[in-house]
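Enquirer: Be aware that the sequence shown starts at 26, since it is given in our numbering, and climbs by one per residue. Note that beta-carbon positions come from the ideal geometry of N, C-alpha and C, so glycine has one too. Structure provided below as structure tokens; questions to follow.
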Amino acid sequence: MDDTRVNYYYTHARTMIEFIQGELEELTPTQAVILTSGGIGYGLNISVYTYSSLQGKQQARLYVYESIREDAYVLFGFSEKQERDLFTMLISVPGIGGASARMILSSFTPSELQSIISSGNDMLLKKVKGIGAKTAQRIIVDLKDRIAETSDGPSTSEQSADIRSGQVAEEAVSAMTALGFQPAASQKVIAAILKENQDMSVESVIREALKRI
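Right, here's the structure in full:
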């Protein structure tokens, strides 16, 4: 198989796993581990939005996107089909990979992202780590019409838990580090955010930190 056919296969192969359902074994702002009835534990990369929706749950169903490459097989999980749809739209834009798409979906809720793209607000997109001016504009150009066609108004139920400030800071710093930011810089930004509002949930702190750092 030549390189062109290989690249086409890995880009266009349809997902084989629609969703994974089972016991929620582990949960962090960047990853969920689900134990299925067959005794297999699946590790899935998740966004802050999905992390928020899984708070307090023992059972979970995550809709799956399989990232299949020659050197890796990575699962991304989403609490809603609509978030997965946005993810697949984002990675169809040249220059946007799975990590960048997850970063965008961690910075905004699905409804916020749809509004940003529909209104052509590239300024907000440029605040996301790794998204430059040209990429932000390309996202809007490529997806604006598709967002308009598929927008049904996503569920915006956001479940926030009242967690102590210290635990929020610890989890938020861990998430920011996993997303590629330096721990020291993350701690400084998160401390400033919590100083302004100690009642913020961990997912809200992460979203705000992603906009400031």
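Enumerate in chain order the residues of its own chain whose CB-to-CB distance from T29 is below 6 Å, with the five nearest sequence positions on each side excluded.
Expert: Confidence at T29 is low in this model, with a pLDDT of 36, below 50, so its placement is unreliable and the value that follows should be read with caution. Within the same chain, T29 has no close Cβ partners at all.
Enquirer: Could you tell me the boundaries of the beta strand (DSSP E) in which G68 lies?
Expert: Element bounds for G68: 66-70.
Enquirer: Report the partner residues of R86 according to the DSSP bridge assignment.
Expert: BP columns for R86 point to Q46.
Enquirer: In three-state DSSP terms, what is A161?
Expert: Of the three classes helix, strand and coil, the one that applies to A161 here is helix, per DSSP.
Enquirer: Below 8 Å, can you find three or more Cβ-Cβ pairs linking the region 209-218 to the region 189-198?
Expert: Cβ pair count under 8 Å is three or more, so yes.
Enquirer: Starting from Q207, follow the beta strand (DSSP E) in both directions and report where the run begins and ends.
Expert: Premise fails: Q207 is in no beta strand (DSSP E) and is neither H nor E.
Enquirer: On the premise that Y74 lies in contact with L100, defined as a C-beta separation below 8 Å, what is that separation, rounded to the nearest angstrom?
Expert: Incorrect: roughly 17 Å between the Cβ atoms, too far for contact.
Enquirer: Judging by CA-CA distance, which residue of L87, S62, A234 is the nearest neighbour of K220?
Expert: If we check each option's Cα against that of K220, A234 comes out closest.
Enquirer: To which residues does DSSP link Q139 through a beta bridge?
Expert: None, per the DSSP bridge assignment.
Enquirer: If the criterion is Cβ atoms closer than 7 Å, does the pair I142 and L87 meet it?
Expert: No, these two residues do not count as a Cβ contact at 7 Å.
Enquirer: Note down, in chain order, each residue of its chain lying with its Cβ closer than 6 Å to the Cβ of T113, except the 5 sequence neighbours on either side.
Expert: There are no such residues.
Enquirer: According to the Cβ coordinates, are P54 and Y76 closer than 7 Å?
Expert: Contact flag set, yes.
Enquirer: What separation, rounded to the nearest whole angstrom, lies between the Cα atoms of D157 and Q83?
Expert: What sits at residue 157 in the sequence shown is Gly, not Asp. Cα to Cα, G157 sits roughly 39 Å from Q83.
Enquirer: Within 10 angstroms of its Cβ, does A217 collect 16 or more other Cβ (buried), or is it exposed?
Expert: Its Cβ having fewer than 16 others within 10 Å, A217 is exposed.
Enquirer: Using a threshold of 7 Å, state whether the C-beta atoms of R109 and F103 are closer than that.
Expert: Cβ distance < 7 Å, so R109 and F103 count as in contact.
Enquirer: Grouping DSSP H, G and I as helix and E and B as strand, with all else coil, what is Q223?
Expert: Note: Q223 maps to coil in three-state DSSP.
Enquirer: Assign D187 to one of three DSSP states: helix, strand, or coil.
Expert: Summary for D187: the model assigns pLDDT 32, below 50, so the residue's position carries little reliability; its value from the coordinates is reported in the next sentence. Of the three classes helix, strand and coil, the one that applies to D187 here is coil, per DSSP.
Enquirer: For S144 and T134, what's the separation of their Cα atoms in angstroms?
Expert: Rounded to whole angstroms, S144 to T134 spans 15 Å at the Cα level.
Enquirer: What is the DSSP secondary structure of Q107, reduced to helix, strand or coil?
Expert: If DSSP states are grouped into helix, strand and coil, Q107 belongs with the helices.
Enquirer: Since A57 is in the beta strand (DSSP E), which residue starts that stretch and which ends it?
Expert: Start and end: 56-60.
Enquirer: What residue from L204, Q192, E137, T160 has the CA that sits closest to I172's CA?
Expert: Ranking L204, Q192, E137, T160 by Cα distance to I172 puts E137 first.
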